[in-house]
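Chemist:
4 protein chains.
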Amino acid sequence: MDAISAIVAEIAEEMRAQEHRGKVADYIPPLAQVPADKFGIAVVMRDGTVHTAGDAEDPFSIQSISKVFALTLALGAVGDQLWQRVGREPSGSAFNSIVQLETEHGIPRNPFINAGAIVVCDVLLGRLQPREAIGQMLRFVRMVAGDETIVIDEVVARAEQETGFRNKALANYMRAFGNIHAPVDLVLGTYFHFCSLAMSCRQLAMAGRYLMAGGQSDGHSVISDRRARRINALMMSCGHYDNSGDFAYRTGLPGKSGVGGGILAVAPGIASIAVWSPGLNSSGNSHLGQLALERLVQKTGWSVFEPRAQ
Amino acid sequence: MDAISAIVAEIAEEMRAQEHRGKVADYIPPLAQVPADKFGIAVVMRDGTVHTAGDAEDPFSIQSISKVFALTLALGAVGDQLWQRVGREPSGSAFNSIVQLETEHGIPRNPFINAGAIVVCDVLLGRLQPREAIGQMLRFVRMVAGDETIVIDEVVARAEQETGFRNKALANYMRAFGNIHAPVDLVLGTYFHFCSLAMSCRQLAMAGRYLMAGGQSDGHSVISDRRARRINALMMSCGHYDNSGDFAYRTGLPGKSGVGGGILAVAPGIASIAVWSPGLNSSGNSHLGQLALERLVQKTGWSVFEPRAQ
Amino acid sequence: MDAISAIVAEIAEEMRAQEHRGKVADYIPPLAQVPADKFGIAVVMRDGTVHTAGDAEDPFSIQSISKVFALTLALGAVGDQLWQRVGREPSGSAFNSIVQLETEHGIPRNPFINAGAIVVCDVLLGRLQPREAIGQMLRFVRMVAGDETIVIDEVVARAEQETGFRNKALANYMRAFGNIHAPVDLVLGTYFHFCSLAMSCRQLAMAGRYLMAGGQSDGHSVISDRRARRINALMMSCGHYDNSGDFAYRTGLPGKSGVGGGILAVAPGIASIAVWSPGLNSSGNSHLGQLALERLVQKTGWSVFEPRAQ
Amino acid sequence: MDAISAIVAEIAEEMRAQEHRGKVADYIPPLAQVPADKFGIAVVMRDGTVHTAGDAEDPFSIQSISKVFALTLALGAVGDQLWQRVGREPSGSAFNSIVQLETEHGIPRNPFINAGAIVVCDVLLGRLQPREAIGQMLRFVRMVAGDETIVIDEVVARAEQETGFRNKALANYMRAFGNIHAPVDLVLGTYFHFCSLAMSCRQLAMAGRYLMAGGQSDGHSVISDRRARRINALMMSCGHYDNSGDFAYRTGLPGKSGVGGGILAVAPGIASIAVWSPGLNSSGNSHLGQLALERLVQKTGWSVFEPRAQ
């Protein structure tokens, strides 16, 4: 067993022993039913080797982590024009806050809060029907993960749709400002399907390789290296809602969390990392997931702020 | 002339040609009088070589860049206890906003907005008289810069004190919540003196070496490598006020700006960089300074999100 | 012609000469098409005499004035339990603001802003189907006005429904907090029909008699005198959105405005007054309507703050 | 004993029996030491008869009730120009909130919240020295109360000054926007002295006569009847901080409360009323004071919304 495998195993061991695990999301039944004691970790190195521990093969609902893939698709579709409709700044407020939209005229702060990701979906629907956009997303994730078995959990998607009143409020509110163009129901239907992607830590870490490797995955170019750097920058600034500064402080890694308890983190040039533990902290980020990444960086020195040879 | 020198010269050339230069801060006369056409850049490499161009030897008022040094001193004095009195999150609002303090009970969002830096000063005054704290700061900056000629501009300090009503409001407001302990006037007197440090790009880039080199400067340890990484993380998340996400997106570097038009940026392990141009954008950051750093990263690949060899 | 008739005629004359008339609401075509030069006034005295001038017989869209009638019905249905779901305080913000709902957990500030009136509709739907609630409203307004010709303008109702994204946002947002119980579409359908009542100044002033006469209308009791006083108090505090304090200051009368340009005002014990002019001020209240009421009070001394004999 | 005397005695009796009395203000020692079981009431009728019960002769700190007298003086000094520097709208937030000042550029919402009253003091200092302004206030209150024994409690004034950090924040903040002209310390010194007026219920009710009697007091004109109506309107809209709507709903009287537990209420043309009980509700208004006024109105029908003969 090599060094990284040993580290990954140690971390899984340590996390198993933690008593405080946060609170599992309970706003929809399919998420509330996930056992709180799950923990998985997968690390894909630049050379393609994969190291996993714990429940790394269990699929879970990636939820807001899908916002990274949706942003990638939208930048592919319209390029920097996207930034006319969504900002690039941390929000300074909760993931589903509506306050900022009022004072900033319906322009969400960044593509990684709910309002921003809903605009991103609307941008994709500028060229596609919802069914096509959902199909495009699924093909994209399967492609970057190199795994055709990834699916969307329709039970989760339906449950989101039945209870997503805050998201309906956000979408209608932005529509009132003219920043949603397609019918609100179609935009949200697309958005909820994206959120309902079910992936394991292994699949998620595989999918994140293009962000680790300057836009490359399996030897072909998914996006430019410049765009990869920029998406990483956004993940660092805005990837953990109103807890992003703290996550950057503790880990020094770009990362994106979801209320399903997953986190995708990137050590540029080195590794793509996925962790999963369903219990959340008060900001809606995986409590043990953040802790596991903090430990990983302590043991490996993968922080982007680590001095490096040029 | 080596590669970096050439790049630095090119950038200075390009900046000189820019027409749009932002708006020079005018809230105190000593800042308003600075010529808008100034531009300087200094790059200190890990090996100690220094590359400068433009007005790199002109001293300017570093203003909020001093918040980085004050934070370093406060962490040295009280360690992580500091975080009980100030947060680590981007503010999502202007540098001098008071709104967040009301809803968050007098705890400022981070040490790089005015309210946070005022708390940092108050922490230093827990052990020192104002005169001592100002002396300690001056000694610290001279030490890390390796330059005994650095001074505090008393004319600027006095002008700040005469007009700093918003800062007085912030300090009194936090005092009402019990988050300022020393008399408000002493805390602000200290704060305004810190802001009034006058340094050239060369001096500032020299001073930033410890943040570039894992806490080391001139062969001795200023702070631990862990603390250096963390300060860099905070600079990336919060160093440009409500424009921090955009700066990270464009440059991929930790940086801290001041309304004097200076920016200190860090490429960990590679270089400490200072730029200066007095014209500011609407968020209070140097317009050309940000642009110069964006160019520098484009030409050198120094973004922390650039894939690197392990 | 008696004194009041003369005053009413003078005011209509004066208003006709005003150059600055405000801005006609243009968010739906049926409102945007109303001629800006319309002005009507009707005063119903306690003894039943009616004084009108100008376009007092033209029906217009009463819009938010219907919130007074909806509140009357909801208090009749559930009494003071209503106040568990909506407050009694001026909002300090715009009529369609969503900010306050986030910090106050989905409880709108008062029943005269949009969010509050939507909750009032939801309360009515606790016992009735939308069609029944709309029928009840129509019967109520016809009864208090003593006029069976009053109708709901279906063209306006449909236009509201097609463009009411902010109201959809408000309703979904409150539903997320559990403060809307019926399906959002049904609640809003009801709300938009209430807003689309078409009434003339004469009809509106007649309808307001029960608020002028301690709850009595045409010799029978519509509501108790205590409830009439309280509804008047709410109209005084909250009846002109974020302009309510100024309206109270200028007129000293309880009143409720609508974006159709109408205002219903009450001089308790003396008169029920309706004015109409489509041009609005920046807070969404009829510019000339407010001015006309100010003049009326100057000429009659009907302010509730006028010293009176006991 | 006549009818009003009997009613006043009954109310004092009933209040004595109340268990829930609110929470005595404790931010300065002189207020914290006031016994919680105090209750006083005084009613001055238009004919000059005075009815009192309970602790109606005990002096207490009138605190924010002084804002009514300060407004009267400022309107006397500069007339409607005052409204360029302070609004006339309820604030929708707490009495000492600073949030609104940021979004509304240093213009406080109304003269009855702290920020607004501080501006009113600054307006008075446009023509007078602090000592003169304090002297003018004392003479004014003595004159309208017809009582030369009224004093300012210097112990309270000093305690306010030592702890008034929020007020210092408000004043400095408005100064930063240019809406405070005199030195902040002088403005606050004046403000704190106004707040420290010590008056009994009897004295306060006597002082309020000019607001009850169309601006007349003791047969001479203090202000015009129009100004008296307008001040009453402001008291109704804004006199109980973020609880003003509820107070209007329950009592139908213009009133102004202070954190010392006093309330001055006005039944125009009928009576000037003062109540006092130190326990406060969560909005900072006297709990029993509000209840006593509610009872008084129930027993007398003095609500301004009571239908009246013309």
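Those protein sequence lines, which keep their order, are chains A, B, C and D. If you're matching positions, the first sequence starts at 1 in full-length UniProt numbering and goes up one per residue. If you're matching positions, the second sequence starts at 1 in full-length UniProt numbering and goes up one per residue. If you're matching positions, the third sequence starts at 1 in full-length UniProt numbering and goes up one per residue. If you're matching positions, the fourth sequence starts at 1 in full-length UniProt numbering and goes up one per residue. Note that beta-carbon positions come from the ideal geometry of N, C-alpha and C, so glycine has one too. It should be emphasised that the depicted structure is a prediction, and the values quoted were computed from it without experimental measurement.
When you compare the CB positions of G289/A and G245/A, do they come within less than 8 Å of one another, or not?
Modeler: no
Chemist: Rounded to a whole number of angstroms, what is the C-alpha to C-alpha distance between H220/C and R227/D?
Modeler: Straight-line Cα distance between these residues: approximately 38 Å.
Chemist: Given that I98/B touches chain D, what residues does it touch there, using C-beta distances under 7 Å?
Modeler: I98, E102, Y173
Chemist: Report, in whole angstroms, the separation of the C-beta atoms of Y191/A and I98/A, which I expect to be a contact under 8 Å.
Modeler: That pair is no contact at about 16 Å.
Chemist: With 8 Å set as the bound, which would you pick, yes or no: does the beta-carbon of F192/B sit closer than that to a beta-carbon of chain D?
Modeler: At a cut-off of 8 Å between beta carbons, F192/B makes no contact with chain D.
Chemist: Going by the DSSP bridge assignment, what does L293/A pair with across the sheet?
Modeler: Paired residues: none, contrary to the question.
Chemist: State the start and end residues of the unbroken alpha helix (DSSP H) segment that holds A169/D.
Modeler: 165-176
Chemist: Consult DSSP for A287/C and reduce its assignment to one of helix, strand or coil.
Modeler: Checking the sequence, you will find His at residue 287/C rather than Ala. Helix at H287/C.
Chemist: Name the chain B residues whose beta carbon is nearer than 8 Å to that of G116/A?
Modeler: The contacting residues do not exist; G116/A stays about 11 Å from chain B at best.
Chemist: Taking the alpha helix (DSSP H) that K67/A falls in, what are its first and last residues?
Modeler: 66-78
Chemist: Excluding the five sequence neighbours on either side, which residues of its own chain have a C-beta within less than 8 Å of the C-beta of L291/D, listed in chain order?
Modeler: M15, Q18
Chemist: Are the CB atoms of S224/D and V144/D within a distance shorter than 8 Å?
Modeler: no
Chemist: If you run the structure through DSSP and keep just helix, strand and coil, what is V44/A?
Modeler: strand
Chemist: Expressed to the nearest angstrom, what Euclidean distance is found between the alpha-carbon atoms of Y210/A and W302/B?
Modeler: When rounded, the distance between both Cα atoms is 19 Å.
Chemist: Consider the Cβ of E294/B: report whether some Cβ of chain A lies at a distance smaller than 8 Å.
Modeler: no
Chemist: For the beta strand (DSSP E) that contains L197/B, what are its first and last residues?
Modeler: 197-199
Chemist: Enumerate, from N- to C-terminal direction, the unbroken beta strand (DSSP E) stretches of 3 or more residues contained entirely within the stretch 245-281 of chain B.
Modeler: 255-257, 262-267, 271-276
Chemist: Which residue wins for smallest C-alpha separation from M199/D, given the options P59/D, R308/D, G252/D, H181/D?
Modeler: P59/D
Chemist: Who are the near neighbours of V155/A in its chain, counting only those whose CB is closer than 6 Å to its CB and skipping five residues on each side?
Modeler: P30
Chemist: For Y249/C, which residues in chain D fall below 8 Å Cβ to Cβ?
Modeler: R88, R230, A233, L234, S237
Chemist: Looking at chain B, is there any beta carbon in it that lies within less than 8 Å of the beta carbon of A274/D?
Modeler: no
Chemist: What residues in the stretch 198-230 of chain B have a beta carbon less than 8 Å from any beta carbon of chain A?
Modeler: Answer in chain order: M212, A213, G214, D225, A228, R229, R230.
Chemist: Relative to the alpha-carbon of V120/B, which residue among Q33/B, G92/B, V86/B has its alpha-carbon at the smallest distance?
Modeler: Considering only alpha carbons, the answer is V86/B.
Chemist: Quick one: measure Cβ to Cβ for I11/C and L197/C, integer angstroms, because I've assumed they're closer than 8 Å.
Modeler: Separation of the CB atoms of I11/C and L197/C is rounded to 25 Å, and the pair is thereby denied contact status at 8 Å.
Chemist: On a CA-only basis, which of G208/C, V44/C, D26/C, V184/C is nearest L125/C? Give me that one, please.
Modeler: Looking at the Cα atoms, V184/C is the closest of the given residues.
Chemist: Find the residues of chain D that neighbour D47/C, judging by a C-beta separation of less than 9 Å, and give them in chain order.
Modeler: Chain D residues near D47/C: none, gap ~10 Å exceeds 9 Å.
Chemist: Beta-carbon separation of P278/A and K67/A under 8 Å?
Modeler: no
Chemist: Report buried or exposed for R127/A, applying the criterion of at least 16 other Cβ atoms within 10 angstroms of its Cβ.
Modeler: exposed
Chemist: Tell me the DSSP secondary structure of K299/B in three-state form.
Modeler: Judged by DSSP in its simplified three-state form, K299/B adopts helix.
Chemist: With C-beta atoms as the reference, is M212/A less than 8 Å away from G269/A?
Modeler: yes
Chemist: Expressed to the nearest angstrom, what Euclidean distance is found between the alpha-carbon atoms of E162/A and M235/A?
Modeler: 29 Å
Chemist: Less than 8 Å between the beta carbons of D26/A and W276/A, yes or no?
Modeler: no
Chemist: Indicate whether at least one CB of chain D lies closer than 8 Å to the CB of P307/C.
Modeler: yes
Chemist: At the level of alpha carbons, what is the spacing between N281/A and Q84/B?
Modeler: 18 Å
Chemist: Let me know if T149/B comes out buried or exposed under the rule of 16 or more other beta-carbons within 10 Å of its beta-carbon.
Modeler: So T149/B ends up on the exposed side.
Chemist: From I231/C to T72/C, what does the alpha carbon distance come to, in whole angstroms?
Modeler: 8 Å
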